[in-house]
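For what it's worth, the working numbering labels the leading residue of the sequence shown as 411, then goes sequentially.
Glycine included, C-beta positions come from ideal geometry on N, C-alpha and C.
These numbers were taken from a predicted model, which means no experiment stands behind them.
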Amino acid sequence: MFNFIKIKFYNLSKAKSQKAFALLYTALISSLLLSLAMSISVIVMKDIRLSSISRESQKAFYAADSAAECALYWSFRKDKFATSTAVTSGVICDDQDIADPTHELPGLDSDGVQGVGGTNLTKYRYEIDGKYCAVVFVYKNNTAPKTVIEARGYNTRCDSPSRIKLERAVRLQY
411 MFNFIKIKFY NLSKAKSQKA FALLYTALIS SLLLSLAMSI SVIVMKDIRL SSISRESQKA
471 FYAADSAAEC ALYWSFRKDK FATSTAVTSG VICDDQDIAD PTHELPGLDS DGVQGVGGTN
531 LTKYRYEIDG KYCAVVFVYK NNTAPKTVIE ARGYNTRCDS PSRIKLERAV RLQY
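So this is what it looks like as structure tokens:
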């Protein structure tokens, strides 16, 4: 008597298990992609930091090289670092009179002479382009090497309390 009604039953447990597997698979793939993206971002951040330090190191080296070249010029060509007399003016590096006694580094022992020369050791500093610092030591000896110029360059100003202050040095002997 009720032949016209056909009831069709679906297997609901099979459909639920397929949806759960798809959700689990999606979560697994998402976590793998997220960990891969985080790993790449950590590598990129380290590379950026390394290149930044390399750039700052290059600035410090160029400051030291510039200071050494200037001291070499005044020592070799003009003999301004002679041990017999001190020169209190006229030694110019980067438009700055380096014989000015205010350019001596605080914290270092003074060479005891205002200006440059007058002793076996002359120490001074100067700012390069108002951005970088250089500290120069000129040693005069009676034995070979007769002159040693050591220049230390910094990537910051001399009075800067920078968190990353790099030092590079250049030594010339003749």
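Item                                                                                                                    : Value
Any idea what DSSP makes of Arg487, helix, strand or coil?                                                              : helix
Suppose contacts are defined by Cβ-Cβ distances below 8 Å. Is Ala607 in contact with Ala474 by that definition?         : The first residue shown for the chain is 411 and the last is 584, placing residue 607 beyond what the model contains.
Rounding to the nearest angstrom, what Cα-Cα distance links Ile453 and Lys550 in this structure?                        : 49 Å
So the candidates are Gln468, Glu537, Gln583 and Lys533; which of them puts its Cα closest to the Cα of Pro555?         : Gln583
When you compare only the Cα positions, how much space is there between Lys541 and Gly500?                              : 23 Å
Is the number of C-beta pairs between the region 487-495 and the region 449-463 that are closer than 8 Å three or more? : no
If the criterion is Cβ atoms closer than 8 Å, does the pair Val546 and Ala477 meet it?                                  : yes
Please classify Thr532: does DSSP put it in a helix, a strand, or coil?                                                 : strand
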